[in-house]
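Q:
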Amino acid sequence: DIQLTQSPSFLSASVGDRVTITCRASQGIRSYLAWYQQKPGKAPNLLIYAASTLQSGVPSRFSGSGSGTEFTLTISSLQPEDFATYYCQPLNSYPITFGQGTRLEIK
Amino acid sequence: QVQLVQSGAEVKKPGASVKVSCKTSGYTFTSHGINWVRQAPGQRLEWMGWFNPANVNTRYSQKFQGRVTFTGDTFAGTVYMELSSLLSEDTAVYYCARSTFFYDGGTWYPTSFDPWGQGTLVTVSS
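These protein sequences, in sequence, are chains A and B.
Per our numbering, the first sequence starts with residue 80, numbered consecutively.
Per our numbering, the second sequence starts with residue 150, numbered consecutively.
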């Protein structure tokens, strides 16, 4: 099984800040990685697929990069609606897994 | 627009079974697969498997193999997830999520999941 290390687990930031979340995989997954945002009591929402492709309708302040074993999700200028939990998900290995999540809170 | 609408909350006793439905609309039912993902309180997302309506193929996570069954009704555009021999640890919100498939290294995998159903809370308690 692929082991995922998502960091940090918790992040406190202010509106307007630039934040980066990292996802490391225990083996190479090329660019088969997705990022999701989940707000309390809601289903996850796809932000990024294929490591760096922005899902339609997602604001351009979100971006993804990386390949192989190290990936990042960057929010260029935090907005109030961005405070949520973020998960990475590699897709070319079974079982399909998710990172442990990064909870982003308002400072 | 594409929508996945799940059935309502369930309360079950240990040892019982639960069946959750995921009704699709806004696209051709057989053109995409449906994945099932659960989330126990305060925990990360956990993938359970997928169902491909085009050929009725399934893939289950080993963790749930033998205890979970996915089925589909093409006329109703609905996929079902049945989990048996319930334990208290199965208390979770269960989600369905749409994907397509890609072929890599001799195996079919689901693509990223979009959209998701609203979730169904299953509570297992005596």
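The beta-carbon is built from N, C-alpha and C at its ideal position, and this holds for glycine as well.
#1: Answer yes or no: does any C-beta atom of chain B fall closer than 7 Å to that of alanine 163 of chain A?
#2: Using DSSP bridges, identify the partner residues of leucine 152 of chain A.
#3: Compare the beta carbon distance of isoleucine 127 of chain A and asparagine 171 of chain A with 7 Å and say whether it is the shorter of the two.
#4: Taking serine 144 of chain A as the reference, which of A:Gly95, A:Arg103, A:Gln82 has the closest Cα?
#5: Going along the segment 158 to 173 of chain B in order, which residues come within less than 9 Å of chain A, judged by CB to CB distance?
#6: Under 7 Å between beta-carbons, which chain D residues line up against proline 119 of chain A? List them in chain order, please.
#7: Who are the neighbours of glycine 136 of chain A on chain B, taking C-beta pairs under 8 Å?
#8: My guess is that glutamine 192 of chain B and serine 174 of chain B are in contact by the Cβ rule of under 8 Å, so how many angstroms apart are they, rounded?
#9: State the DSSP-derived secondary structure class of phenylalanine 89 of chain A, mapped to helix, strand or coil.
#10: Starting from isoleucine 185 of chain A, follow the beta strand (DSSP E) in both directions and report where the run begins and ends.
#11: Quick one: does aspartate 239 of chain B have its CB under 7 Å from some CB of chain A?
#12: Any C-beta of chain A sitting closer than 7 Å to the C-beta of glycine 255 of chain B?
#13: Identify, in the order they occur along the chain, each residue of the same chain with its Cβ nearer than 6 Å to the Cβ of lysine 172 of chain B, setting aside the five sequence neighbours on each side.
#14: Roughly how many whole angstroms lie between the Cα atoms of serine 170 of chain B and serine 156 of chain B?
A: Straight from the coordinates:
#1: Numbered from 1 along the first sequence, position 84 holds the residue referred to as residue 163 of chain A. For alanine 163 of chain A, the nearest beta carbon of chain B is not closer than 7 Å to its own beta carbon.
#2: Counted from its first residue, the first sequence places residue 152 of chain A at position 73. A:Ile100, A:Gly143.
#3: By one-based count along the first sequence, residue 127 of chain A stands at place 48. By one-based count along the first sequence, residue 171 of chain A stands at place 92. Not in contact: isoleucine 127 of chain A and asparagine 171 of chain A (Cβ atoms no closer than 7 Å).
#4: The count along the first sequence starts at 1 and reaches residue 144 of chain A at position 65. For serine 144 of chain A, the nearest C-alpha among the options comes from A:Arg103.
#5: Within the segment 158 to 173 of chain B, no residue has a Cβ lying closer than 9 Å to any Cβ of chain A.
#6: Of the chains in the structure shown, none is chain D; the protein chains are A and B.
#7: Here residue 136 of chain A refers to the residue found at position 57 of the first sequence. The contacting residues do not exist; glycine 136 of chain A stays about 10 Å from chain B at best.
#8: The residue labelled residue 192 of chain B in the question sits at position 43 within the second sequence. The residue labelled residue 174 of chain B in the question sits at position 25 within the second sequence. Not confirmed; about 30 Å, so no contact.
#9: Position 10 of the first sequence, counting from 1, holds the residue named residue 89 of chain A. Secondary structure of phenylalanine 89 of chain A (DSSP, three-state): strand.
#10: What you label residue 185 of chain A is simply residue 106 of the first sequence in a count that begins at 1. It spans 181 to 185 - the beta strand (DSSP E) in which isoleucine 185 of chain A sits, taken as one unbroken run.
#11: Looking up residue 239 of chain B in the second sequence gives position 90. The beta carbon of aspartate 239 of chain B does not come within 7 Å of any beta carbon belonging to chain A, so the residue lies off that interface.
#12: Here residue 255 of chain B refers to the residue found at position 106 when the second sequence is read from its first residue. No, no contact with chain A.
#13: On the second sequence, position 23 is the one that residue 172 of chain B refers to. Cβ within range, chain order: Val154, Thr227.
#14: Position 21 of the second sequence, counted from the start, is the residue given in the question as residue 170 of chain B. Position 7 of the second sequence, counted from the start, is the residue given in the question as residue 156 of chain B. Roughly 5 Å separates the two Cα atoms.
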